[in-house]
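Residue 38 in numbering that gives the first Met the number 0 sits at position 39 of the sequence shown, and the numbers go up by one each step. Every residue gets a Cβ at the ideal spot worked out from N, C-alpha and C, and that includes glycine. Structure, as structure tokens:
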Amino acid sequence: MNSHLNMKYDKSQMGEYMIELLTLGVCDLFLRAGFVEEEGHLLASYQTEGFRPLSSVAEISTGEIFNVILRLYRGIYQCEKHCLFAELFQTDPAWIFTDQDYSRVKMVFSPSQERLPLAEQTVRVIEFLREKTKEEGRGYADRACELILHNEYGYRALIHHLENLQREVYLCGIK
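As structure tokens, this is what we get:
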């Protein structure tokens with residue numbers, strides 16, 4: 000298995016600050032990367048050892064969906080403390096990586112083309128994962144989408160509500 004993922008960026012897509020954050024691994028949400036400048040482009044090599052792309056997951060439990068989403072939100076919250084805002088990058092299953100038991104979630108930095116709000120991006124991820132879970136858990140995924148789309152209280156309250164939903168999934172034995 001290849002433990003590196005190579006990406007090519009236009010130099011204009013990546014500010015020095017962003018390169019520094021990704022190189023130093025300051026934002027826990029992103030995989031660490033090394034950068035090389037070549038002919039007006041930046042070549043990045045991300046260390047993916049121990050992780051797999053979320054897009055390659057064939058089946059996932061409802062509880063694991065909540066693990067992924069909660070870790071994404073916690074990571075994004077931390078990134079925003081460093082002025083790396085969610086609208087600047089894509090939160091897409093193709094760029095999200097997870098370890099075997101979904102306890103760690105990381106991303107590859109992919110500049111946002113559409114500048115979609117975080118809620119819409121996250122709902123797309125949940126809808127993608129919803130199709131890979133059992134029927135009994137799909138209602139919980141739908142409830143999570145509703146919470147995210149109608150969130151009026153910020154990250155901390157949203158994370159609290161999602162944790163409560165996750166707890167309900169575990170207590171009810173939903174797979």
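Membership of I158 in the alpha helix (DSSP H) is indicated by the continuous run 154 to 170. Collapsing the DSSP output to three states places A57 in coil. A contact is defined here as three or more CB-CB pairs under 8 Å, and the region 33 to 48 meets this definition with respect to the region 2 to 9. In the structure shown, M17 falls within a helical segment according to DSSP collapsed to helix, strand and coil. Judged by DSSP secondary structure, Y45 falls within the beta strand (DSSP E) whose first and last residues are 40 to 46. The beta carbon of P92 is closer than 7 Å to those of L53, S54, V124, F127 in its chain, skipping five residues each way along the sequence.
The region 158 to 169 makes contact with the region 136 to 147: 3 or more CB pairs, one atom from each, lie closer than 8 Å.
Residue pairing from DSSP places Y8 in a beta bridge opposite L41. Beta-bridge annotation (DSSP): V124 is not paired with any residue. With a contact defined as Cβ atoms closer than 8 Å, R142 and L164 qualify at about 6 Å.
One thing to note: R51 has its Cβ within 8 Å of the Cβ of F96. About 7 Å separates the Cβ atoms of K174 and T61, confirming a contact at the 8 Å cut-off. In this structure, W94 is the residue among E135, W94, Y72 with its C-alpha nearest to the C-alpha of L30. In terms of Cβ geometry, Q77 and L23 do not form a close pair [threshold 8 Å]. Annotation for E167: no residue places its beta carbon closer than 7 Å to its own, counting only its chain and skipping 5 residues before and after.
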